[in-house]
Each structure stands twice: as C-alpha cells, then as structure tokens.
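Engineer:
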Amino acid sequence: MKKLLLIITIASIAFSCVTDDELLTVDQVNSGPKIIGFQNKIENIAYFADEGVVAKDISVKLIGLGDGSLTSSDVELEYEIDTEKTTAIEGTEFSFSDNSRKVTLLAGSTFTTLKLNINTGQLNATEKTELVLKLKPVEGFTVSNANQSIKIIFVGCST
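Numbering-wise, the sequence shown is residues 67 to 225 according to the working numbering.
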C-alpha cells in the first residue's frame, strides 16, 4: 500500500502543472466577440389580484467582454416574440412599453432592460400562459445560445 501511495505521489508531482506555464501561441486571450443574452432563462409572473397594468423589467446583459473592454458606443439590440412557443396574448395579458422591439445597451454598460407591461386583471386564473422572447443577432456581438431566449410565465391566481 505504501508503494502505491508513493507511486501516485511521484506521478502527480511529475505531471502536475506549473503556474508559470506559458500559453501556447494559438491561445487567444482577450479576443473574440462580445456576448449578449437575457439574464434569466425563465421569469415567473404571478398576481393574486387585479392590480391593473404593472411594469416589469426584463434584463438583457453583456455576458462576455470579448476583448476585455466594455462597449465604447451605444448598441441597439432587437428582440422578437417567438410566436410558435408563445401562448400569452399581446395586448390582453401583456404589452411592451416601447413597440419598436429594441433596447439600447449604453456605452460602458453591462446590462439594459426591456419594459414589459403586465395586465394583471387579464391573467388566466386556471391556466398559465407563456411569452417567449428571442434576441436577434447584432453586428459585433454574439448572442448566447444558452441565453438567447427567455420564457415569461404568466399566472393569475384567484384569491
């Protein structure tokens, strides 16, 4: 048993990495695209009473800095409703504060928000409905595969 432990110890020392190892010339540090995406994949919105129209902020963030720096100018991001996956009704259960379907990531910022208006009195009390939003590609940025879309689940709860 002692010989086995000695062999393992010697092997781990021989093959361990040194923190001073240099990066290979093919490794690229601080390069590549800036990555954007929704902060959350799912957002649950439930109301127990009719509170009228309530504003909700949905965050879009700069996930990866690419070259390591923040944006030096404003960037216009576009989003769309995924009509195949959406069951909520625009104009009844929800609406957008800005119908342009665009938000602006300000220079030097790491996030922005899109404003969603929730009509709490029109949410279904017996069945959930869903709004699925997707970010569109924008030049100079990569849309994160994992955070390209957000599912917003509406639930009206009767008291």
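The beta carbon of each residue, even a glycine, is placed where N, CA and C say it ideally should be.
Candidates SER210, GLY98, GLU117, ASP164: which alpha carbon is nearest ASP123's?
Structural biologist: Of the listed residues, the one whose Cα sits closest to ASP123 is ASP164.
Engineer: Which residue marks the beginning of the beta strand (DSSP E) containing THR149, and which one marks its end?
Structural biologist: Element bounds for THR149: n/a, residue is neither H nor E.
Engineer: In terms of residues, what are the limits of the beta strand (DSSP E) holding THR178?
Structural biologist: Segment 177-185, the beta strand (DSSP E) holding THR178.
Engineer: Taking the DSSP output, what are the residues bridged to THR195?
Structural biologist: DSSP lists PHE220 as partners of THR195.
Engineer: On a CA-only basis, which of PRO99, THR178, THR186, THR179 is nearest GLY222? Give me that one, please.
Structural biologist: Out of PRO99, THR178, THR186, THR179, THR186 has the C-alpha closest to the C-alpha of GLY222.
Engineer: Name the DSSP bridge partner or partners of GLU109?
Structural biologist: The partner list for GLU109 (beta bridge, DSSP) reads ILE218.
Engineer: By DSSP, does ILE155 sit in helix, in strand, or in coil?
Structural biologist: Three-state result, ILE155: coil.
Engineer: Thinking C-beta only, is LYS217 closer than 8 angstroms to GLU196?
Structural biologist: In contact: GLU196 and LYS217 (Cβ atoms closer than 8 angstroms).
Engineer: With burial defined as no fewer than 16 other Cβ atoms inside 10 Å of the residue's Cβ, what is the status of ILE100: buried or exposed?
Structural biologist: Contrary to the premise, residue 100 reads as Lys rather than Ile in this sequence. Classification for LYS100: buried.
Engineer: Whole angstroms is fine: what's the gap from GLU142's alpha carbon to PHE162's?
Structural biologist: Cα-Cα distance, rounded: 17 angstroms.
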